[in-house]
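Those protein sequence lines, which keep their order, are chains A, B and C.
Per full-length UniProt numbering, the very first residue in the first sequence carries number 1; after that it's consecutive.
Per full-length UniProt numbering, the very first residue in the second sequence carries number 1; after that it's consecutive.
Per full-length UniProt numbering, the very first residue in the third sequence carries number 1; after that it's consecutive.
The beta-carbon is built from N, C-alpha and C at its ideal position, and this holds for glycine as well.
Please read all numbers here as calculations on a predicted model, not as lab measurements.
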Amino acid sequence: MRVALFITCVNDTLFPGTGKAVVSLLRRLGCDVDFPAAQTCCGQMHVNTGYREEGVRLARHFTEVFAGYDAVVAPSGSCAAMVREQYPKLAKPGSRGAAAIAEVAPKVHELSEFLIDVLKVEDVGAYFPHRVTYHPTCHSLRGLRLGDRPTRLLQHVRGLELVPLPGAEECCGFGGTFAVKNPAVSAAMGADKTRNIMDTGAEVLCAADNSCLMHIGGTLSRQKTGVRTMHLAEILASTEEAQ
Amino acid sequence: MSATFLGMPGSFPKNSRKAVQNSQLRFNLRKATHTIRGKRAGVVGELPDWQELRAAGKAIKDHTLRNLDRYLLQLEEAVTRAGGTVHWARDAAEANRIVTDLVKATGETEVVKVKSMATQEIELNQALAAHGITAYETDLAELIVQLGDDFPSHILVPAIHRNRSEIREIFLDKMPHVPPGLTDDPPALAEAARLHLRERFLRSKVAISGANFMVAETGTLVVLESEGNGRMCLSLPETLISVVGIEKLLPSWRDLEVFLQLLPRSSTGERMNPYTSMWTGAVEGQDFHLVLLDNGRTDVLADEVGRQALRCIRCSACLNVCPVYERAGGHAYGSVYPGPIGAILTPQLRGMSSELDASLPFASSLCGACYDVCPVAIDIPEVLVDLRAKAPHAAAEKAGMKVAGWILNDHERLAKAQRAATRARKLVPKRLPGPLSAWTDTRDLPEIPEESFRDWWERNERA
Amino acid sequence: MSAREEILARVRKAVAGAEDVEIPRHYRTNRQGEDLVGLFAERVDDYRAIVHVVPAAEVPGKLDACLGERRMIIPDGFDRAGGWDDVNTADGVVTGCAVAIAETGTIVLDHGPGQGTRAQTLVPDYHLCVVRADQIVAGVPEALARLDPARPLTWISGPSATSDIELNRVEGVHGPRTLEVIIST
């Protein structure tokens, strides 16, 4: 199967390891991965901060870049939710933009959706002998309704001990520009999230969104907790040989 | 007399910064919101047709709003036919004038009040006081706020920021004839309120209420409550004045079958609240006046995205589940409508000319928990994002977002920017200056990688 | 322009051109055939009210036992003689009801014969209510269908309570602090 990787601007710039992990994982599962070079950003930051015009321009760019693909995979619940849930609200009903969005949006999958719903695989042959807890992230949980897909994938990883995260469904406090516009509340939410993570005794915090992990990880690191953050793709890409 | 929100200085970020440092407040709010979340989830989970009720509730409200003129006239006719008098108020000042004149006409200088968001919104108590009329709040939480000269901080439980010990102290300090040896046991506090208000209920000649619902078809008004103070005010006094927002309408009697299931379960997390009163026009010889209030609602109605906020039935489920409200508290929102619904309602009702009101659409991480629990499916994140586009932006932010948009709109420009960042990766300080210090005050920055993903792909895959 | 005309004009302008919506009513209505007495008794009990399920023939005896020496208001139309007149000094009130709801444990008074005025059922601290099994319906939709909107209605679900202290239900504020229900089968 030929798959386009939508890396997302945050992963592209700050977390290339996640992108490499997606490429190696999908290839291991027999996919032909393409990276459309013209891709940039879904426009979420602009739209959600009130810069609709810029956001719409980026959305238009996205629909042009990914128009011809059967499947687009994004290692981000948030960016996938932006395309699938918010794009349709950006275009005037009946316009050309609306038609382009209706064409491309349903083909965009978050990674765990793609693995379970499209490739129909739960055991991806991964090996990761660590104690891991999973934070579901808001846009994965309440936007895309990923449900237990990510944890089903993690449960099949050999050697991995998955421990439940108390208050998992609660927002970590990132919220895009919310983190800098309302830093006090954002930090308070982050502090509560990290306390719950510490209570699990996990070595690794896993999520399907590096932006949330950047906020939680930044807090964990500032507090010198020793807990690492890893994107779901990186754990699923790990194999016995790689360890 | 409780304090007034209008003209409050500050902004949500400033107000909430103070609130998160108040550990007593954080503890009280966490305890209360987590208690009610569990109760709500339990009684909502009991109903196999919750989503169907929610879909019906949303549609009934949308249909009503679409035909509001027709249903308002139908209501007016039905109330009048049943012996009530209907008044119309364009804004707070007009509503306050109507109510004040009605009270003056009775010759009374004291009125009892049932908890009502509409009368808080128009600051009726202050308006009455200016004419020498004292309004006594009778709901326990309102009483706590009024006695403590405090601000309400929650739609359902305005004194949610107070715990039992603080309530005891307020009662000991401000309640005349308080029982000696009053403990902070909740039943003892409830008993103290019962004794405090009993005489007043029995002798008051005028009561003022709001309403949860008005039925256009029959002219019926509906008030849901718990304590019995509502029943006292609605049935004992000779004159009853109800101030109700025009969006509280339901077309038909039958529509109550949806909302009397949605509201109690979403609100106090009960299968049914202890008491619901329904009355049509003048009952048992009472003199009944209905004041229909606009006060900005028709402006909200004119906004295609924002008008869904008028579906709100004031249940507070969105406050109780909101992680931002839980930490910032209700006062930070500077309005009688705090929490997620307040963040979309207040800027629409009041506009965004003050720093505080302009900051409200940003008082959310857009986590979506509010939308999930809303019994009438108000897409609060959608309205927040829409309001953010209309809100004023700081010049520096505007310039920054413009540059970011320009870079992100072209992959070659993005690649150049990434390479520049990569070259500077060792130079980034651990603490950033200016507005970005908001990030590094509590969080470390991620390390900038040696190479972006697109450059890695270019090097390894395109070759 | 009057306030009325102005508000109506604003409304019409605000919604001009907006589409109307159909109301989907796929929730449960017209439910029958469940153990309504059992469910009603259980749900009333959940509110910490006192519940008795009694065969019709034994109701008078049960009433005697519940009323005891109390100074009770017995409204017009309630099948029992005597009673106390003054609401302010009465110990309690005994009434029938218009309809009762099993799923929510709710009693609805329409203040018709045997149900007293609104004040009579509110001011005394004790409310004893007799509910006939055939008055119990499954849920809220079934109850509304039996009620007359022209009458004042009081829906009662357990004794007076408040959630205003730390959002937990505490019984006993202004309304009757004791609710006792006799279900006549």
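The Cβ atoms of B/Val222 and B/Asn212 sit closer than 8 Å to each other. Secondary structure at A/Glu122: coil, using DSSP grouped into helix, strand and coil.
Ranked by Cα distance from C/Glu69, the options C/Gly77, C/Gly82 and C/Ala57 are led by C/Gly82.
Listed along chain C, the residues sitting closer than 9 Å to B/Asp49 by beta-carbon distance are His26, Tyr27 and Arg28. Shown here, B/Asp255 sits in a helix according to DSSP, grouped into three states. Residue pairing by DSSP places A/Thr177 in no beta bridge whatsoever. Taking the beta carbon of B/Val385 as reference, the chain A residues within 7 Å of it are Val47 and Asn48, listed in sequence order.
In the three-state reduction of the DSSP assignment, B/Ile133 falls in the coil class.
CA-to-CA, the gap between C/Ala138 and C/Trp155 works out to about 15 Å. At a cut-off of 8 Å between beta carbons, B/Ile448 contacts chain A.
A residue is called buried when at least 16 other Cβ atoms come within 10 angstroms of its Cβ; B/Phe27 does not meet this threshold and is exposed. For B/Gly10, the closest Cβ of chain A is not nearer than 8 Å. Between A/Gly167 and the set A/Arg222, A/Arg158, A/Thr137 and A/Pro183, the nearest pair of CA atoms involves A/Thr137. When DSSP states are grouped into helix, strand and coil, A/Thr151 belongs to the helix group.
Note on geometry: alpha-carbon atoms of A/Glu170 and C/Leu122 lie some 43 Å from one another. Scanning chain C for C-beta atoms nearer than 8 Å to the C-beta of B/Gln74 yields nothing, as the closest lies near 12 Å away. Around B/Cys312, no beta-carbon contact reaches into chain A at under 9 Å, the shortest distance being about 20 Å. Cβ-Cβ distances below 6 Å link B/Pro13 to nothing in the same chain once the five nearest sequence neighbours on each side are left out. Identification of residues in the stretch 41 to 65 of chain C having a C-beta nearer than 9 Å to some C-beta of chain B yields Arg43, Asp46 and Tyr47, given in sequence order. The continuous alpha helix (DSSP H) containing B/Trp406 extends over residues Ala395 to Leu408.
DSSP places B/Met352 in the coil class of the three-state scheme, outside both helix and strand. Considering only beta carbons, the part of the stretch 227 to 241 of chain B lying closer than 9 Å to chain C consists of Glu227, Gly228, Asn229, Gly230, Arg231, Met232, Leu234, Ser235 and Leu236, in chain order. Residues of chain A with a Cβ closer than 9 Å to the Cβ of B/Asn409 are, in chain order, Thr40, Cys41, Glu54, Arg57, Leu58 and His61. Listed along chain B, the residues sitting closer than 8 Å to C/Leu8 by beta-carbon distance are Asp69, Leu72 and Leu73.
Here B/His196 is buried, its C-beta having at least 16 other C-beta atoms within 10 Å.
With a threshold of 16 other beta carbon atoms within 10 Å, B/Val428 falls short and is exposed.
Look at B/Phe288 here: in three-state DSSP terms it is strand. For C/Ile101, the enclosing beta strand (DSSP E) has its first and last residue at Val99 to Ile101. Taking a beta-carbon distance threshold of 8 Å, B/Val215 counts as an interface residue toward chain C. Leaving aside the five residues that flank C/Val173 on each side, the residues in its chain whose CB is nearer than 6 Å to its CB run, in chain order, Ser160 and Thr162.
Going by DSSP, A/Glu161 is part of the beta strand (DSSP E) stretching over Glu161 to Val163.
Contact annotation: C/Val181 and C/Cys129 have beta-carbon atoms nearer than 8 Å. By the CB criterion at 8 Å, B/Glu247 and B/Leu65 fall inside the cutoff.
If you ignore the 5 residues before and after C/Ala9, its C-beta comes within less than 8 Å of the C-beta of Met1, all in its own chain and listed in chain order. Using beta-carbon distances, A/Val121 does not count as an interface residue toward chain B, since no partner is under 8 Å.
Between the beta-carbon of C/Ala100 and that of C/Ser184 there is about 11 Å, and that puts the pair past the 8 Å contact cut.
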